[in-house]
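Novice: Residue numbers (numbering that gives the first Met the number 0): 0 to 183.
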Amino acid sequence: MSKTCPITAAKATEQWLEDVVIGLNLCPFAAKPQRNQQIKIHVSQSNDEATLLEEIYGQLRELDETPVTELETTLVVTPYLFKAFDDYNQFLDLVDALLIQCGYEGTYQVASFHPDYYFAGTHPDDAENLTNRSPYPVFHLIREASMEKVLKHYPDPEGIPERNIARVESLTPQEIKQLFPFLK
């Protein structure tokens, strides 16, 4: 990928978080930590996968060492890697292996976002893929305990994906252009 200013990548990611993830209520659990400034956006300068894997490990360690009251979750933004969604998707296997190898399975999970994200069994142009489209490739590091806690008090968490799909399918072409200016 061409060079992107880290500040630009962070601002674009924060705008996407505000307008899409929180604004469309795609993640009903994101507004509170965003309001409380407990979401870290870490823009990776890495242009190789091995270094990025080390950075992700470092961000997991930081989550371990920081109280949840100060840091709820981290978005690792990778503007210099994974132009192709397939490359990004394959790298997710390495991230999952890292979680297992380092004993983080059950402690953290990773949610994935990419400008060209598409779910298996969908066509890349299907509206439902908008739920996981972001300005840059993102690895969202989530505390499992936090998810369990909020899911206990959330009615019908299993219905979130269906509601999200319905929400993005209801967007007009103008709204899509406004909310997803990074799409080709």
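Each residue gets a CB set at the ideal place from its N, CA and C atoms; glycine is no exception.
Leaving out five residues before and five after residue 164 in sequence, what residues of the same chain have Cβ atoms less than 7 Å from its Cβ?
Specialist: The residue you call residue 164 lines up with position 165 of the sequence shown. Within the same chain, residue 164 has close Cβ partners 127, 130.
Novice: According to DSSP, is residue 236 helix, strand or coil?
Specialist: Shown here, the chain extends from 0 to 183; a query on residue 236 therefore has no answer.
Novice: Given residue 85, which residues of its chain have a CB within under 6 Å of its CB, disregarding the five upstream and five downstream residues?
Specialist: Here residue 85 corresponds to residue number 86 of the sequence shown, with the count starting at 1. Contacts found: none.
Novice: Please state whether DSSP places residue 118 in a helix, a strand or coil.
Specialist: Your numbering for residue 118 matches position 119 in the sequence shown. In the structure shown, residue 118 sits in coil (DSSP, three-state: anything other than H, G, I, E or B).
Novice: Quick one: give me the first and last residue of the alpha helix (DSSP H) that residue 31 is part of.
Specialist: In the sequence shown, residue 31 corresponds to position 32, counting from 1. That run of the alpha helix (DSSP H) goes 30-34.
Novice: Measuring CB to CB, does residue 58 end up less than 9 Å from residue 140?
Specialist: Here residue 58 is taken as the residue at index 59 of the sequence shown, counted from 1. Here residue 140 is taken as the residue at index 141 of the sequence shown, counted from 1. Taking 9 Å as the Cβ cut-off, residue 58 and residue 140 qualify as a contacting pair.
Novice: If you scan the stretch 17-78 from start to end, which runs of the beta strand (DSSP E) of 3 or more residues do you find wholly inside it?
Specialist: Runs found: 38-42, 72-76.
Novice: Taking only the alpha-carbon atoms, compute the straight-line gap between residue 103 and residue 175 and give it to the nearest angstrom.
Specialist: On the sequence shown, residue 103 is found 104 positions in, with the first residue counted as 1. On the sequence shown, residue 175 is found 176 positions in, with the first residue counted as 1. One C-alpha to the other measures close to 36 Å.
Novice: Looking only at its own chain, which residues have a Cβ that is under 6 Å from the Cβ of residue 178, when we skip the five neighbours before and after it?
Specialist: On the sequence shown, position 179 is the one that residue 178 refers to. Hits under 6 Å: 18, 19.
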